[in-house]
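In the order they appear, the protein sequences are chains A and B.
Numbering follows UniProt numbering, in which position 29 of the first sequence is assigned residue number 29; successive positions increment by one, without gaps.
Numbering follows UniProt numbering, in which position 31 of the second sequence is assigned residue number 31; successive positions increment by one, without gaps.
Below is one structure, written out as structure tokens; comments come after it.
Protein chains: 2
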Amino acid sequence: MNVVNHIREIRLKNGITQVKMAQDLKITRQTVNAIEKNKYNPSLELALKLIRYFNVPIEELFHLEGDDE
Amino acid sequence: MNVVNHIREIRLKNGITQVKMAQDLKITRQTVNAIEKNKYNPSLELALKLIRYFNVPIEELFHLEGDDE
DNA sequence: AAAATATGTAAAGATATGTTTACATATAGG
DNA sequence: CCTATATGTAAACATATCTTTACATATTTT
């Protein structure tokens, strides 16, 4: 049961670069890129920061694969 | 910026033991206990499963320390 | 009291998450 | 063309998450 994220779409919709997003969130650009490329999932802490950063409900950023859309 | 969780309260409110919860979620009882005792945060995947398991909005289970309550 | 159930904890080990440094390609603008 | 910006990726490393096994105490039930 994997986690799917829509960070790239939301990021681009807001006209934000990986660099700016990394700076704002105080993480590295590589971390942003790795998560967008699904190398691994963000930690819960980072996920909560992402929700706050984009100001969207969690379902718009993440959902469990196999869950009802 | 740490994550605070209210898993124990929600679990007890539902009359569920650590043992049953661990079996239902297919994780170990030690993991349930460690998370409730704030030894570490659940992964995002487990956090999403917890939300679904208790059927509550994420804010009732987790929030970032320092965020508005 | 004895037995069963619920919870706390610890150590060793595997895998996941994230950083640092570095190099690469692609694209847009001068 | 040259430069700046945005993105992709890799290796080495540190810490976090979770499991397995084991033992402990606390609470409830008979």
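Cβ coordinates follow ideal geometry from the N, Cα and C atoms, glycine included.
DSSP beta-bridge partners of residue i
| i | result |
| --- | --- |
| His63(B) | Val4(B) |
Local conformation of residue i per DSSP, three classes
| i | result |
| --- | --- |
| Lys26(B) | coil |
| Ile16(B) | coil |
Cβ-Cβ separation, residue j to residue i (assumed contact under 8 Å), whole Å
| i | j | result |
| --- | --- | --- |
| Leu64(A) | Leu50(A) | Actually they are not in contact, since the Cβ atoms of Leu64(A) and Leu50(A) sit about 16 Å apart, beyond 8 Å. |
| Gln18(B) | Val32(B) | 5 Å |
| Ile7(B) | Ile35(B) | 6 Å |
Any beta strand (DSSP E) of 3 or more consecutive residues that is wholly inside the segment 29 to 64 of chain B: 62 to 64
Validate contact between the segment 38 to 45 of chain B and the segment 41 to 50 of chain A using beta carbons, cut 8 Å, 3 pairs: With the cut-off at 8 Å, the segment 38 to 45 of chain B and the segment 41 to 50 of chain A touch.
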